[in-house]
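Protein chains in written order, with the numbering used here: chain A, 125 to 299; chain B, 87 to 162.
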């Protein structure tokens, strides 16, 4: 027959285990890209030109944020196409920010140079902005309207997405 | 019925199993730098690996569940 104190210990251990389990399971909020209609979280990052760029500085312009990395195949496919969109619409009040998540900034810099893109590249070395935005796919593309509200969210890249981007950029530029 | 002596332990075990996949130690998409490194792949040349796998599929008659897709002719 099991002693009373043993039973008590058993119960206590089980209760402690359940509490720990609860804490482990609940505490990390499930990361996901900001939903459409929410204000885009502000951030400041160093750009390839050496200047710090802040998202809120681009209020009044349509902003496309693209999270990419030099090791990400679809990103490499997408970047020159984004570059074309940037060249086409930059004079109409459109900004494209490429947030590179490479730990080694040099890799990102070399890749963007090789792909010949002219839009500002930001370096998120510490991956704080990726965390802030809860990037749950690579690449991830967000379209932000002139008021700083997230209007479209795209996960990943498949050929043809650039046409969707284009029509959405045009729509937001008209507003 | 009187609850058994090990009921608390059984409850804990069940809870652990039920929530085991809910904890999030996952590698985030933006943290895959090292996993995406070519060094992490089994073979150096993906095209030759695909070809080799295809040939083995055909020779050994054990098709499917691999990464190589057939041409759709139903003839291997």
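Using N, Cα and C, we set each Cβ at its ideal position, and we do this for glycine too.
Opposing strand residues paired with residue i [DSSP bridges]
i, result
"residue 222 of chain A", "A:190 and A:245"
"residue 171 of chain A", "A:246"
"residue 163 of chain A", "A:273"
Close Cβ partners of residue i (< 6 Å) along its chain, the five nearest in sequence each way excluded
i, result
"residue 156 of chain A", "258 and 260"
"residue 170 of chain A", "176 and 247"
Closer than 8 Å to chain A by CB, residue i
i, result
"residue 98 of chain B", "yes"
"residue 123 of chain B", "yes"
"residue 91 of chain B", "yes"
Other residues of its chain near residue i: CB distance less than 8 Å, five sequence neighbours each side excluded
i, result
"residue 244 of chain A", "171, 172, 173, 177, 219, 220, 221 and 222"
"residue 196 of chain A", "262 and 263"
"residue 164 of chain A", "158, 179, 187, 189, 266, 268, 272, 273 and 274"
"residue 184 of chain A", "217 and 270"
N-terminal and C-terminal residue of the alpha helix (DSSP H) that residue i is part of
i, result
"residue 140 of chain B", "132-146"
"residue 231 of chain A", "229-239"
"residue 77 of chain A", "It is not possible to answer for residue 77 of chain A, since the shown part of chain A is limited to 125 through 299."
"residue 97 of chain B", "93-105"
"residue 213 of chain A", "197-213"
"residue 253 of chain A", "252-256"
"residue 297 of chain A", "285-298"
Below-8 Å beta-carbon distance, residue i vs any chain B residue
i, result
"residue 227 of chain A", "yes"
"residue 259 of chain A", "yes"
"residue 247 of chain A", "no"
"residue 199 of chain A", "no"
"residue 134 of chain A", "yes"
Residue i: contacting residues in chain A (beta-carbon distance under 7 Å)
i, result
"residue 132 of chain B", "Under the 7 Å cutoff, chain A gives no residues; its nearest Cβ is about 11 Å from residue 132 of chain B."
"residue 101 of chain B", "142 and 145"
"residue 95 of chain B", "134 and 138"
Neighbour list for residue i in chain B, Cβ cutoff strictly below 9 Å
i, result
"residue 232 of chain A", "Those do not exist, as residue 232 of chain A stays about 10 Å from chain B at its closest Cβ, beyond 9 Å."
"residue 254 of chain A", "114, 115, 116 and 117"
"residue 191 of chain A", "115 and 116"
"residue 308 of chain A", "Because chain A in this structure spans residues 125 to 299, residue 308 of chain A falls outside the shown range and cannot be described."
Delimiting residues of the beta strand (DSSP E) encompassing residue i
i, result
"residue 179 of chain A", "That residue, residue 179 of chain A, is in no beta strand (DSSP E); it is neither H nor E in DSSP."
"residue 274 of chain A", "274-279"
Partner residues on chain B for residue i, Cβ-Cβ distance less than 8 Å
i, result
"residue 262 of chain A", "115, 116 and 118"
Residues near residue i in its chain [Cβ-Cβ closer than 7 Å; skip 5 each side]
i, result
"residue 94 of chain B", "none"
"residue 211 of chain A", "242"
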